[in-house]
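Asks: Got a structure here, written out as structure tokens. Questions coming.
In the working numbering, the protein residues as written are 3 to 138.
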């Protein structure tokens with residue numbers, strides 16, 4: 003990428019590597035966006051639209067001033083709370099008690115998180131949380 007010669011050129015990378023170190027390298031060399039190849043065409047179009055609007059789009063983010071605002075998949079702050087608690091081994095009932103919400107609401111959040119991320123296991127959720135700095 004040579005953005006010195008073509009500063010108006012926008013670059014979105016499609017990759018199979020969601021690791022933080024890879025994303026850091028892409029940011030360092032001037033990529034405007036990055037998303038996983040496994041994401042759908044809707045996400046690709048969203049990435050392109052964001053980059054055209056001079057915003058960045060990265061499918062796996064860990065190193066921004068406000069990482070919650072830039073996380074992929076449009077995950078809400080409440081969903082991030084749920085992710086942290088699930089990864090720490092709490093059941094839906096325990097999470098409900100801790101957050102003062104119903105167990106049904108927790109299960110709905112969990113379903114939404116899994117659907118948004120296209121995952122189907124707590125192990126995949128834990129990997130996402132680690133790669134995105136949601137847990138230590």
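All C-beta atoms, glycine included, are put in the ideal place defined by N, C-alpha and C.
Per DSSP, which residues does residue 14 bridge with? Please list them.
Replies: For the purposes of this step, residue 14 is taken as residue 12 along the chain shown, with counting starting at 1. The partner list for residue 14 (beta bridge, DSSP) reads 35.
Asks: Could you work out which residue in 31, 58 and 19 is closest to residue 41 when comparing CA atoms only?
Replies: By 1-based counting over the chain shown, the position of residue 41 is 39. Measuring from the Cα of residue 41, the nearest candidate turns out to be 19.
Asks: Which value, in whole angstroms, describes the spacing of the CA atoms of residue 12 and residue 43?
Replies: As a first step, residue 12 is located in the chain shown; it is residue number 10 there, counting from the start. As a first step, residue 43 is located in the chain shown; it is residue number 41 there, counting from the start. Each residue's alpha carbon lies about 18 Å from the other.
Asks: Starting from residue 137 and walking both ways along the alpha helix (DSSP H), at which residues does that stretch end?
Replies: Here residue 137 refers to the residue found at position 135 when the chain shown is read from its first residue. It is not in any alpha helix (DSSP H) - residue 137 carries neither H nor E in the DSSP assignment.
Asks: Give me, in chain order, the residues of the same chain whose beta-carbon lies closer than 8 Å to that of residue 86; leave out the 5 immediate sequence neighbours on both sides.
Replies: Translated into positions along the chain shown, residue 86 becomes position 84. Excluding positions up to five away in sequence, the list reads 131, 136 and 137.
Asks: Using the three-state DSSP reduction, which class does residue 60 fall into: helix, strand or coil?
Replies: Start at 1 with the first residue of the chain shown, and residue 60 comes out as number 58. Of the three classes helix, strand and coil, the one that applies to residue 60 here is strand, per DSSP.
Asks: If you measure between the beta carbons of residue 28 and residue 36, is that distance less than 8 Å?
Replies: Here residue 28 is taken as the residue at index 26 of the chain shown, counted from 1. Here residue 36 is taken as the residue at index 34 of the chain shown, counted from 1. It is a contact, given that the beta carbons lie within the stated cut-off.
Asks: Could you tell me whether the Cβ atoms of residue 115 and residue 81 are closer together than 8 Å?
Replies: Taking the chain shown and counting its residues from 1, the one referred to as residue 115 is at position 113. Taking the chain shown and counting its residues from 1, the one referred to as residue 81 is at position 79. Yes. Within cutoff.
Asks: So, with DSSP's three-state summary, where would you put residue 45?
Replies: On the chain shown, position 43 is the one that residue 45 refers to. DSSP places residue 45 in helix when its eight states are reduced to three.
Asks: With H, G and I counted as helix, E and B as strand and the rest as coil, what does DSSP make of residue 116?
Replies: Within the chain shown, residue 116 is the residue found at index 114, counting from 1. Helix.
Asks: Measure the CB-CB distance between residue 76 and residue 30 and report whether it falls below 8 Å.
Replies: The residue given as residue 76 occupies position 74 in the chain shown. The residue given as residue 30 occupies position 28 in the chain shown. Against a cut-off of 8 Å, the Cβ pair of residue 30 and residue 76 comes out as no contact.
Asks: Would residue 106 be called buried (16 or more neighbouring beta carbons within 10 Å of its own) or exposed?
Replies: For the purposes of this step, residue 106 is taken as residue 104 along the chain shown, with counting starting at 1. Counting Cβ neighbours within 10 Å, residue 106 comes out exposed, since fewer than 16 surround it.
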